């Protein structure tokens, strides 16, 4: 699928495809015909969803002319519209949920929350309950969900409904990291009125850099700690904080008396 972005991003994509080809793995890439990007959209999430939907006829043609039986469709979250194609062709569909199980729980539970809470989340006093997750103060809900009229909110509502229709969900997590959340999702606590799809935790999926056998200093330190004695904090791909906020979090962690390891991303530069 042609990337509807700047040429530099297309070049990066093409470079990645060439690198995978060079590994001689049993993976084949098929380029789909170029489609015109949508002109009307409210948010990036809505743009991606609509853009993928426009490729549906081309995906159908690619499957029909593949010359072999397609055993399953493994879909990116923004390609959930292809579930309809899988149903039409009697091909089982699986979602590859690249975020963690906690966010999966939120996505699956979002249609339930939408029924219970008619106003905006920011207008609620107190916290919002998500299965197997500590109550979330209403003002700390993800920004993409803070406007129910926005395209991003509608996109995630759509995901929450369509996820429940697939054969299984492959999630970027592990039982060791999110046992309670994975159990809640598998037991159907997020959407009690529907049977839960099979859950396959295969993560954490990480990119291991090439180089010598030298371990990162964090791994070396962890290897000397007692089991279950370290708190791990990761604020996600959108979790950026200003320096004063990072210092406040660090002070709170130090006062807790627990050892901790965290991953802090930009714009907090100069922090190790």
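Numbering (our numbering), first residue to last: 2 to 273.
Where a beta carbon is used, it is the ideal one built from N, C-alpha and C, also for glycine.
None of these values were measured; they are calculated from a predicted model.
Give the range of the beta strand (DSSP E) segment to which residue i is assigned.
i	result
residue 74	74 to 76
residue 172	169 to 172
residue 264	260 to 264
residue 232	231 to 235
What does the alpha-carbon distance come out to for the pair residue i and residue j?
i	j	result
residue 15	residue 61	23 Å
residue 259	residue 181	21 Å
residue 107	residue 29	34 Å
residue 7	residue 17	Summary for residue 7: the model assigns pLDDT 49, below 50, so the residue's position carries little reliability, and this model does not support an answer.
residue 43	residue 57	21 Å
residue 184	residue 37	42 Å
residue 261	residue 233	6 Å
residue 130	residue 245	29 Å
residue 99	residue 171	8 Å
residue 167	residue 206	22 Å
residue 109	residue 84	16 Å
residue 202	residue 164	15 Å
residue 19	residue 226	41 Å
residue 354	residue 135	The requested residue 354 is not part of the displayed model; the chain covers only 2 to 273.
residue 255	residue 112	38 Å
residue 265	residue 64	42 Å
residue 200	residue 40	36 Å
residue 86	residue 127	42 Å
residue 250	residue 143	19 Å
residue 13	residue 194	43 Å
residue 101	residue 177	12 Å
residue 271	residue 216	Residue confidence is low: residue 271 scores 46 on pLDDT, short of 50, so the model does not pin down where it sits. No coordinate-derived value is stated.
residue 248	residue 149	33 Å
residue 67	residue 59	12 Å
residue 55	residue 33	11 Å
residue 146	residue 114	11 Å
residue 88	residue 230	47 Å
residue 1	residue 125	Lying outside 2 to 273, the shown extent of the chain, residue 1 is not represented and no answer is given.
residue 269	residue 151	Note that residue 269 scores a pLDDT of 43, beneath 50, so its modelled location is shaky; the value from the coordinates is reported in the next line. Their backbone Cα atoms lie some 29 Å apart in a straight line.
residue 273	residue 263	Reliability of the predicted coordinates at residue 273 is poor, the pLDDT of 44 falling under 50, and the value obtained from them is presented with this limitation in mind. Cα to Cα, residue 273 sits roughly 10 Å from residue 263.
residue 253	residue 173	29 Å
residue 25	residue 31	16 Å
residue 236	residue 137	14 Å
residue 192	residue 175	21 Å
residue 69	residue 53	24 Å
residue 196	residue 162	12 Å
Assuming residue i and residue j make a contact with CB atoms under 8 Å, what is their CB distance in whole Å?
i	j	result
residue 190	residue 133	7 Å
residue 169	residue 95	5 Å
residue 123	residue 139	6 Å
residue 71	residue 97	Contact flag wrong, Cβ pair sits at about 16 Å.
residue 73	residue 93	5 Å
What are the boundary residues of the alpha helix (DSSP H) that includes residue i?
i	result
residue 253	244 to 257
residue 220	218 to 223
For residue i, would you say it is in contact with chain B, using Cβ-to-Cβ distances shorter than 8 Å as the test?
i	result
residue 62	Going by chain labels, chain B is absent from the structure shown, which holds only one protein chain.
4-residue-minimum alpha helix (DSSP H) runs that sit fully inside the stretch 79 to 137, ordered along the chain: 84 to 90 and 102 to 117
Completely contained alpha helix (DSSP H) runs for the stretch 137 to 202, where each covers 4 or more residues: 152 to 164 and 176 to 187
Contact the stretch 110 to 125 vs the stretch 220 to 227: 3+ CB pairs below 8 Å: no
Whole beta strand (DSSP E) elements within the stretch 12 to 83, 3-residue minimum: 74 to 76
contact_flag[the stretch 184 to 199, the stretch 152 to 160] where n(CB pairs < 8 Å) is 3 or more: no
Three or more C-beta pairs below 8 Å linking the stretch 45 to 55 and the stretch 66 to 80: Yes, the stretch 45 to 55 is in contact with the stretch 66 to 80.
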